[in-house]
Amino acid sequence: MKSYLALLFLLPSLVSSAFDEQVAIPGFDMAQDAEPAAPTLHTQPTLSDLLTIEPAASIFFSYARDTEISRLFSEVDARSTLLVPTNKAVMALARKPYVRHPCSQTPTLTSARVQSHQDPEPIDSGIEISEQEFDARSKKNVERWVSMHIIPQSPISLSSGPYQTLNEKKTVSFEIADDDTSKPEWERALLNGDVRILQMKKACNGVFYLIDGTVRED
């Protein structure tokens, strides 16, 4: 009986010692395992975040999302300057972005899809193509148009240039048209001589300028 009682008194001490003497496993850091690394936080939104909440740029963003180029808008390490036309500017285009510039002839697609775009009739070259081919060409035209509105660097000076866009055949330039230095540079600048900048918003991966026109294909 005495031995049994002695064992009861010693048991708590034995358990405590077992927990105190933890076995160290080579290459295993218990403290690191217990506290996972905190995710990297960005104090500013991305260009994609800003475009998502900008109602005046919804049409441009809708076109851009259909292209591979839009990945730049979310990549934190990318640096881009976006020239974003307002919805009104895009709607005023005689030919929508998926229609090739009139200097290039467009094959005819005889289907209801053409009418659904509510665009001028494409130039009839006498060649008929499938709807799949039409979609592929439309996507390529959209990508060409979107690329003309992206300068692959940021920040940039609006008092110098010209700047090469993602479209290798298109450069853009700015000029300071207002001498009032109390205004920010972007508010005093014109794009390609006649397009005004309405807003400027900064992101962690670049800047976007909301413009009242579009970059035209020569």
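Take the sequence shown: its letters are residues -17 to -1, 1 to 201, numbered as in mature numbering (1 follows the signal peptide of the UniProt record, and there is no 0). Backbone N, C-alpha and C define an ideal beta-carbon position, used for all residues, glycine too.
Reduced DSSP secondary structure (H/G/I, E/B, other) of residue i
| i | result |
| --- | --- |
| VAL198 | coil |
| residue 205 | The structure shown does not extend to residue 205, since the chain is modelled only from -17 through 201, so no value can be given for it. |
| SER156 | coil |
| THR64 | strand |
| GLN136 | coil |
| ARG54 | helix |
| LEU34 | helix |
| GLN115 | helix |
| TYR81 | coil |
| PRO103 | Because PRO103 sits at a pLDDT of 39, beneath the cut-off of 50, its placement in the model cannot be relied upon, and the point is left open. |
| VAL178 | strand |
| MET183 | strand |
| VAL59 | coil |
| ALA172 | strand |
Beta carbon of residue i nearer than 7 Å to that of residue j
| i | j | result |
| --- | --- | --- |
| THR64 | ILE139 | yes |
| GLN194 | LEU66 | Per the sequence shown, residue 194 should be read as Ile rather than Gln. For ILE194 and LEU66, yes; Cβs fall inside 7 Å. |
| ILE42 | VAL73 | yes |
| VAL129 | TYR81 | no |
| PRO38 | THR197 | no |
| VAL190 | SER137 | yes |
| MET131 | THR148 | yes |
| ILE133 | TYR146 | no |
Expected contact under 8 Å - CB spacing of residue i and residue j to nearest Å
| i | j | result |
| --- | --- | --- |
| THR29 | SER57 | 5 Å |
| GLU168 | SER142 | 7 Å |
| residue 269 | ARG62 | Residue 269 lies beyond the residue range present for the chain, which begins at -17 and ends at 201; the question has no answer from this structure. |
| ALA160 | GLN27 | Not confirmed; about 29 Å, so no contact. |
Which residues DSSP lists as bridging residue i, in chain order
| i | result |
| --- | --- |
| TYR146 | VAL155 |
request  = Mind the definition here: the stretch 160 to 175 touches the stretch 44 to 64 only if three or more C-beta pairs lie below 8 Å; say whether that holds.
outcome  = Below 8 Å, too few C-beta pairs join the stretch 160 to 175 and the stretch 44 to 64 to call them touching: fewer than three.
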